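In what follows, a single structure is set out as structure tokens and then discussed.
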Amino acid sequence: MSRKAGFTLVELVVVVLILGILAAIAAPKIINNSSDAADSSVASTLSAIRDALELYATQPASGGYPNGANSAAIQTKLKPFLRGTKFPKATVGGLNSSDIKTSSSLTVGGTQGWVYDPTTGDFIINSDLLMGDGVTKYSEL
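Taking my numbering, I'd label the letters of the sequence shown as residues 1 to 141.
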């Protein structure tokens with residue numbers, strides 16, 4: 001009697017079942033990694049802008065943190081201390097803006113991407129949404 005080479009239906013079902021279980025375990029980790037990457041990107045951008053603020057403030061002719069009549073004036077003063085040709089955008093939730101809101105109380109709200117206090121140099125993301133960890137607000141970075 002000759003035997004044909006191949007897999008039985010039961011063997012194929014077992015393999016597909018195992019692959020399905022592995023995919024169910026791996027998918028949430030992959031999805032969470034993209035959320036973590038987005039959070040890291042925004043935090044890195046925020047850190048670069050804060051560094052630019054400190055560099056600006058240490059310049060002898062600056063007289064402290066940059067101040068201006070509007071967002072564009074502040075961005076222009078910080079541009080020499082940042083890489084790239086455009087001021088970075090805050091891309092959090094529905095925000096996708098490089099505009100800066102000046103506020104001495106750092107009140108979150110509006111369509112601007114950033115909130116800045118020119119007196120203290122504090123600079124935050126204009127969002128109360130939670131980060132991927134589910135605990136920290138973007139405005140608390």
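No residue lacks a Cβ here, since even glycine has one placed at the ideal position from N, Cα and C.
Since the model is a prediction, treat every value here as computed from it, not as a measurement.
In this structure, the beta-carbon distance from G132 to S35 falls below 9 Å. A Cβ-Cβ separation of about 14 Å leaves L129 out of contact with L46 under the 8 Å criterion. A Cβ-Cβ distance of about 11 Å is found for the pair Y65 and A52, leaving them out of contact under the 8 Å criterion.
DSSP places A90 within a strand segment (E or B) once states are collapsed to three. Here K101 is not near L95, since their CB atoms are 9 Å or more apart.
Assigned with DSSP and collapsed to three states, L53 falls in helix. Closest by C-alpha distance to E54, out of G121, K137, S139, G134, is G121. Residues S71, T111, Q112, G113, W114 of the same chain have their beta carbon placed closer than 8 Å to that of D99, with the five preceding and five following residues left out of the count. Assignment of V135 by DSSP, reduced to helix, strand and coil, places it in the coil class. Nearest C-alpha to A61 among G134, S127, S105, K77: K77. Listed in chain order, the non-local C-beta contacts of F87 below 6 Å within the same chain comprise Q75, S98, local neighbours out to five positions each way being set aside.
Looking at the DSSP output, Y116 sits in a beta bridge with T102, F123.
Within a 10 Å sphere around the beta-carbon of V14 sit fewer than 16 other beta-carbons, which makes this residue exposed. Here S44 is exposed: its Cβ has fewer than 16 other Cβ atoms, across all protein chains shown, within 10 Å.
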